[in-house]
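Protein chains in written order, with the numbering used here: chain A, 51 to 245; chain B, 51 to 245. Cβ atoms here follow ideal geometry from the backbone N, Cα and C, with glycine treated the same way. What you are looking at is a predicted structure, and each value in this text was computed from that prediction instead of being measured. What follows is a short report on a single structure.
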DNA sequence: ACCAAAACGGAACCATCATTCCGCATCATG
DNA sequence: CATGATGCGGAATGATGGTTCCGTTTTGGT
């Protein structure tokens, strides 16, 4: 999950166990990076991330080959988080409710990461999200089958909505949830028309 | 419109006419900047803009106080273009058709500038668009009055849609119009529900 | 407690631009 | 055509920030 550069478990035999501080710092670095990116955007300097983490820059470079890799790691983390949400939504016996809950999650998620969600978005390659996209398609199909969405609605439509939510959230200057919630409600109405 | 730094018309008397090449370059710089930003995004270097223009960097700096000013000038240009479109839409006797045409224009406009539309967007201050926003509100109100949109729809809803279009267009990897067109159609359906 | 390996800190280094500056070319004028 | 002002090119400068390196500190093992 954190994809450290040094092998966590050494299948070979002749080396020591990793030091305790090193393990601790893995998480500290990621968290500091998330926090700093969240408030300064993706152009935040490595220096500021290091100082937030209470570490030296060198320590970051021991774990991530560079800033790109750090951003990528966080992006991957976020994809996983969304993926888990999609999975949870699929578990809801009511497909309509599941979909609504998922979209709500996406909105709230974006709200937290307003400053750099967009930057992370065009970092993830197509096949890093293919699994998640499969779930979204399934979620959509279930909602169609249940008569919650119009018959011609596809996963691509929901994907577009997800992207749009990101835009709407990022554009709002404050933390106010109301605008994107209203936006989603309106769009869902459009997706339901003609059932 | 190009807001050159040097006074174009000299109200005082004792100076020469501007040189012909200087006048020509005003437009060349802006066009080169637009072209380069369009294909490289807003982090394109001044150097690359200059070389595209067939000029030296110094020439750019004689007209624009810096890169920021250059970006700002282009942003202002774009706001004007959208503003003119809103004005044209208002002239349509059929408010619904006017609104649809306007949204279509916005989509096509974004498609052209996919790479840096977002960057320009958060460059324009609130009151630089207040005039345009007034027109959008008017456009919306007309559509509501004509029974094209549901009664509770406001200019803010259309603004959100405009922003969302930008996101959807930017996310699409290719030039394909179909996705954002479908997105707009669906959302408009939602905005019409409950008339 | 002692040693060697593992990690750390952060100064030094380096690449990448934006921006400035000035000698040279070009233009308007008479 | 001569001339001086106007505008131009592009090397030099400076700042910023990513990345590397190595002396020092911490940790695990004995």
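Extent of the continuous alpha helix (DSSP H) run through residue i
i: residue 26 of chain A; result: Beyond the ends of chain A as shown, which are 51 and 245, falls residue 26 of chain A; an answer cannot be given.
i: residue 85 of chain B; result: 70 to 90
i: residue 186 of chain A; result: 180 to 195
i: residue 202 of chain B; result: Note, residue 202 of chain B: premise wrong, no alpha helix (DSSP H); not H, not E.
i: residue 155 of chain B; result: 145 to 162
i: residue 139 of chain B; result: 117 to 141
i: residue 107 of chain B; result: 107 to 113
i: residue 98 of chain A; result: 96 to 103
i: residue 247 of chain A; result: Chain A is shown from 51 up to 245; residue 247 of chain A falls before or after that span and cannot be answered.
Contacts of residue i in chain B (Cβ-Cβ under 8 Å)
i: residue 229 of chain A; result: 206, 210
Cβ of residue i within 8 Å of any chain A Cβ
i: residue 218 of chain B; result: yes
i: residue 155 of chain B; result: no
i: residue 56 of chain B; result: For residue 56 of chain B, the predicted structure reports a pLDDT of 40, less than 50, and the residue's modelled location is therefore unreliable. A value from the coordinates is still provided. For residue 56 of chain B, the answer is no, since every Cβ of chain A falls outside 8 Å of its Cβ.
i: residue 128 of chain B; result: no
i: residue 87 of chain B; result: no
i: residue 117 of chain B; result: no
i: residue 60 of chain B; result: Legend: pLDDT at residue 60 of chain B = 36, less than 50; position of this residue unreliable, no value from coordinates given.
i: residue 136 of chain B; result: no
Cutoff 7 Å; reference residue i; Cβ partners in own chain excluding five residues on either side
i: residue 163 of chain B; result: 88
i: residue 140 of chain B; result: 148, 185, 188, 189
i: residue 166 of chain A; result: 87, 88, 91, 92
i: residue 136 of chain A; result: 152, 182, 185, 186, 189
i: residue 142 of chain B; result: 148, 151
i: residue 82 of chain A; result: 99, 102, 103
i: residue 179 of chain B; result: 129
i: residue 168 of chain B; result: 216, 220
i: residue 85 of chain B; result: 102
Chain A contact residues for residue i, given Cβ-Cβ distances below 8 Å
i: residue 241 of chain B; result: 236, 240
Contact with chain B by residue i, beta-carbon distance below 8 Å
i: residue 193 of chain A; result: no
i: residue 168 of chain A; result: yes
i: residue 7 of chain A; result: Outside the shown range of chain A, which is 51 to 245, sits residue 7 of chain A, and nothing can be said about it.
i: residue 52 of chain A; result: Residue placement at residue 52 of chain A is flagged as unreliable, the pLDDT there being 41, under the threshold of 50; a coordinate-derived value is accordingly withheld.
Neighbouring residues, chain A, relative to residue i (Cβ below 7 Å)
i: residue 213 of chain B; result: 217, 218, 221
i: residue 141 of chain B; result: Correct list: empty, because the minimum Cβ distance to chain A is about 27 Å.
Beta-carbon neighbours of residue i, restricted to chain B and to distances below 7 Å
i: residue 114 of chain A; result: What residue 114 of chain A touches in chain B: nothing, since even the nearest Cβ is about 22 Å away.
Contacting residues, own chain, Cβ-Cβ under 6 Å from residue i (five flanking each side not counted)
i: residue 149 of chain A; result: 189, 193
i: residue 56 of chain A; result: Residue placement at residue 56 of chain A cannot be trusted, given a pLDDT of 42 that sits under 50; what the coordinates show is reported in the next sentence. Once the five neighbours on either side are set aside, residue 56 of chain A has no close Cβ partner at all.
i: residue 231 of chain A; result: none
i: residue 60 of chain A; result: The pLDDT assigned to residue 60 of chain A is 38, lower than 50, so where the model puts this residue is not dependable; a value taken from the coordinates is nonetheless given after this. None.
i: residue 244 of chain B; result: 200
i: residue 229 of chain A; result: 222
i: residue 133 of chain B; result: 182
Per-residue contacts from residue i into chain A (C-beta, under 9 Å)
i: residue 152 of chain B; result: By Cβ distance, chain A contributes nothing, its closest Cβ being about 18 Å from residue 152 of chain B, past 9 Å.
Same chain only: Cβ atoms within 8 Å of residue i, ignoring 5 sequence neighbours per side
i: residue 70 of chain A; result: none
i: residue 173 of chain A; result: 121, 122, 125
i: residue 144 of chain B; result: 196
i: residue 242 of chain B; result: 198, 199, 200
Contact test: residue i Cβ vs the ligand GDP heavy atom, cutoff 7 Å
i: residue 121 of chain B; result: The ligand GDP is not among the ligands present in this structure, which contains no ligands whatsoever.
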